[in-house]
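For the sequence shown, position 241 (counting from the first letter as 1) is numbered 234 according to my numbering, and the numbering increases by one without interruption. We put the CB at the ideal spot given by N, CA and C, even for glycine.
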Amino acid sequence: MHSSRFRKLIPWLFAGPALIAMALFYVYPTIVTIILSFTRGTITTPAKEFVGLENYRILLTEDRFFLSFEDGAFSGALINSFAWLIIFPTAVVLIGLLVAVLSDKVKYEAIIKSVVFMPMAISATAAAVIFRLLYNQNPNLGSLNAFLASIIPDFQPTAWLGNVDVANLAVIFAGVWIWTGLSVVVLSAAYKAIPEEIHDAGKIDGANAWQLFWRVSAPMLSGPMTFVAVTMIINALKMIDLVLVMTKGAPRGSTRIIGYTVFWETFNNNRSGYGSAVAVILLLLVLPFIIYQLRQVRREI
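So this is what it looks like as structure tokens:
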């Protein structure tokens, strides 16, 4: 009798500390951040003055670095983040899928996947330093300009991190280079898990390699691809390190995104309430993707 009761208590003995840690490190900071977003203060005196929705009003109507409408087009951190949301997950999933499928057909599969995964082994800060040297804000310098000039006749050097039209794309590409390795690992494992009998059945029905991929393999990889895409969307929204090291939001705010704005307003501009308001906006954007991801994982289990 006592043994049966003890077995029932075992899950709670492990779940209790986990719940306490979650409340301490996740729930409590979230509640404090939401409260601070309605105040005006600094790092040393966070809740100095209650201002209601004033931080949100300024953020969405007056802050040209967060959201503005100039020269007939929207710009700012919110719009730059949407560029990340569209380009970054799409590129990571497609390149990862391409490498996963093609490398499965060649002899040196392990070497190819190791090379692609290698950027995951270094920190994002180190990767950002590498890409700063690769791009360089001076159009007459940088390894990328030198390489393109050697293969493209009459190539005009570009200030990749100094041009408002291409700077955000350049930083996004650095993120793709880092995270594609994760996509390859996940999608390669899922692709190998597809029973060979299914492919054989498709071949018997007369399907060629292209039809086998799009009508058989791709639908069966939709779950892993969704997992990778949602993970990359969350990473894109909370990205800080690449932007901080490579551009600090320059030129003219063209690379500033929401995650970086939280850091910049809170620690550089010393506006804890305003930075907390940006963090709450970030939470509202990330939350639907987190809920969807959790539901997908629960469904798989």
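* Whole angstroms is fine: what's the gap from T83's alpha carbon to I165's? => 11 Å
* What number of angstroms, rounded off, separates the C-alpha of L52 from the C-alpha of L60? -> 7 Å
* For A103, does the three-state DSSP call read helix, strand or coil? -> helix
* Asked: Taking the DSSP output, what are the residues bridged to T32?
  -> F43
* **Sequence-distant residues of its chain with Cβ nearer than 8 Å to A120 (five each side left out)** => P112, A167, W170, I171 and L235
* To do: Would you check if the distance between the CB atom of I36 and the CB atom of S265 is smaller than 9 Å?
  => yes
* F58 in three-state terms, based on DSSP -> coil
* To do: With a threshold of 16 other CB atoms inside 10 Å of the CB of L280, please say whether the residue is buried or exposed.
  => exposed
* **Cutoff 6 Å; reference A142; Cβ partners in own chain excluding five residues on either side** => F148
* Indicate whether F18 and T32 have their beta-carbon atoms separated by less than 9 Å. => no
* Just confirm the distance between the C-beta atoms of V221 and V179, as a whole number of angstroms; I'd bet it's less than 8 Å. => 6 Å
* Using alpha carbons as the reference points, say which of N133, E258, S247 and F282 lies closest to T151. => N133
* Apply the 10 Å Cβ neighbour rule to L90 and answer buried if 16 or more other Cβ atoms are within range, or exposed otherwise. => buried
* Proximity below 9 Å, CB of R57 to CB of G195 -> no
* To do: Could you tell me whether the Cβ atoms of I80 and L154 are closer together than 9 Å?
  => no
* To do: Could you have a look at S210 and say whether DSSP puts it in helix, strand or coil?
  => helix
* Report the partner residues of E63 according to the DSSP bridge assignment. => A66
* Asked: Are the beta-carbon atoms belonging to A200 and R208 less than 9 Å from one another?
  -> yes
* Would you report the Cα separation of F110 and I226, rounded to the nearest angstrom? -> 19 Å
* To do: Assuming V85 and S176 form a contact by the criterion Cβ under 8 Å, report the distance between their Cβ atoms to the nearest whole angstrom.
  => 5 Å
* Asked: Just how far apart, CA to CA, sit M232 and P244?
  -> 18 Å
* Buried/exposed call for M(-6), threshold 16 Cβ in 10 Å -> For M(-6), the predicted model reports a pLDDT of 48, less than 50, meaning its position is unreliable; a value from the coordinates is still stated below. Looking at its Cβ environment, which holds fewer than 16 other Cβ atoms inside 10 Å, M(-6) is exposed.
* Report back the beta-carbon spacing between I284 and S74 to the nearest angstrom; my notes put them in contact at under 8 Å. => That pair is no contact at about 19 Å.
* Check the C-beta distance from V273 over to S30 and give it rounded, since I have them as a contact under 8 Å. => 5 Å
* **Span of the alpha helix (DSSP H), counted from its first residue to its last, around W203** => A202 to L205
* To do: Flag this pair as yes or no: are the beta carbons of L71 and A229 separated by less than 9 Å?
  => no
* Three-state secondary structure (DSSP) at A243? -> coil
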